[in-house]
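Everything on this sheet refers to the single structure shown next.
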Amino acid sequence: MKMVGAMVAAARIAKNLTQKQLGELVRLDAETIASIEQGRRALMPNVAELMDQVLGLPGILTVAAHKMPQIDVIPPWAEPLINLEQKAVALSSYQNQVVPGLLQTQAYAEAVFRSRVPLYTDGEVEDQTAARLGRQAALRREQPMMASFVIWEPVLTCPLGGRAVLHEQLRHLLTCSELTGVSLQVLPLDRTLHPTLDGPFVLLETPEHQHVAYLETQRGSLVVSHLDEVSILSMKYAMLRTQALNPEETRDLLQRLLGDP
-14 MKMVGAMVAA ARIAKNLTQK QLGELVRLDA ETIASIEQGR RALMPNVAEL MDQVLGLPGI
46 LTVAAHKMPQ IDVIPPWAEP LINLEQKAVA LSSYQNQVVP GLLQTQAYAE AVFRSRVPLY
106 TDGEVEDQTA ARLGRQAALR REQPMMASFV IWEPVLTCPL GGRAVLHEQL RHLLTCSELT
166 GVSLQVLPLD RTLHPTLDGP FVLLETPEHQ HVAYLETQRG SLVVSHLDEV SILSMKYAML
226 RTQALNPEET RDLLQRLLGD P
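In terms of my numbering, the sequence shown opens at residue -14 and continues consecutively.
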């Protein structure tokens, strides 16, 4: 929407029109034109056709309006994590509800998105799943990053999507645990202390060696760069790793859950 709005503004300025003058030509008020140009309101196809005519454009805005997705594939609050993890040199992730997105199978990811309220359409689930699987290339870069994952044990027994989906996901976790630079650990249920009862989080180190944290809530997210706050989360993660099963013990647990001898 911001990109299309910027195109409208550039074309309007090239014609030496004010927002009010353009609005009069396409039967909209100046405030609506401003909202479109700022990316706060979608450009409707019928309005786009009128704008193409009065601005002398060869159907560019009409094409843009018709191709505009109903929603962003990546929710705005998730974009900071996506951008950071694609170039991070190190990542540490603790999850206590679902398998980390970077380690999900297609079927498991689909089950995650079908659990959303309000519900996604089938097309939206497909788009979201494809975007999530695309992110996983970060674990298979030519120059691998160091990626540590700690997962609370209940995640491995929750049959999200069904038993077959869970079984495939557990098998995939075993495969991922063998990737270069990847460390996978499970925090077992029998621990009497739990340093991260406040919820999941991700720690990242950028190529410039800046340390940041990412926290997600029901309706938004927060990227934390304040040294004191990141330090606290780093201490929590360090404690998690000492209480979790080591990578070899984690693989043994996954094999037992799969029923492998």
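Virtual Cβ for every residue (Gly too), placed ideally from N, Cα, C.
(Q) Let me check one thing: in DSSP terms, what residues is Val208 bridge-paired to? (A) Tyr199
- [ ] Assuming Tyr199 contacts Leu66 (C-beta within less than 8 angstroms), just tell me the rounded distance between them.
- [x] 5 angstroms
**Asked** To the nearest angstrom, how far is it from the Cα of Pro192 to the Cα of Glu34?
**Response** 45 angstroms
**Rounded C-alpha distance that separates Ile136 from Gln38** = 57 angstroms
task: Compute the beta-carbon to beta-carbon distance between Met53 and Ala92, rounded to the nearest angstrom, for a pair I have assumed lies under 8 angstroms.
output: No, Met53 and Ala92 are not in contact; Cβ-Cβ is about 30 angstroms, not under 8 angstroms.
Ordered along the chain, which non-local residues of its own chain (more than five positions away) have a Cβ less than 7 angstroms from that of Leu218?
-> Phe186, Leu188, Ala198
Are Gln82 and Arg117 closer than 9 angstroms when you measure CB to CB? no
ask   = Straight-line CA distance for Val209 to Gln80?
value = 18 angstroms
Q. Looking only at its own chain, which residues have a Cβ that is under 7 angstroms from the Cβ of Cys161, when we skip the five neighbours before and after it?
A. Leu88, Val167, Leu169
Would you list the one or two residues that DSSP bridges to Phe186?
Tyr79
* To do: Consult DSSP for Leu27 and reduce its assignment to one of helix, strand or coil.
  => For clarity, residue 27 is Ala in the given sequence; the question names Leu instead. Coil, per DSSP.
Practice item. Apply the 10 Å Cβ neighbour rule to Arg148 and answer buried if 16 or more other Cβ atoms are within range, or exposed otherwise. Key: exposed
So who's on the other strand from Val84, going by DSSP bridges? BP columns for Val84 are empty, so no partner.
Original post:
Rounded to a whole number of angstroms, what is the C-alpha to C-alpha distance between Arg241 and Arg204?
Top reply: 36 angstroms
ask   = Identify the residues that DSSP records as bridge partners of Ser133: which are they?
value = Ser77, Ser168
Would you kindly work out how many angstroms separate the C-alpha atoms of Ala223 and Gln23, rounded to a whole number? 44 angstroms
> If you draw a straight line from the alpha carbon of Glu190 to that of Ser216, how long is it in whole angstroms?
Replying inline: 13 angstroms
* Are the CB atoms of Val(-7) and Met36 nearer to each other than 9 angstroms? -> yes
| message | Rounding to the nearest angstrom, what Cα-Cα distance links Ile56 and Leu46 in this structure? | response | In this predicted model, Ile56 has a pLDDT of only 48, less than 50, meaning its place in the structure is not dependable enough to derive any value.
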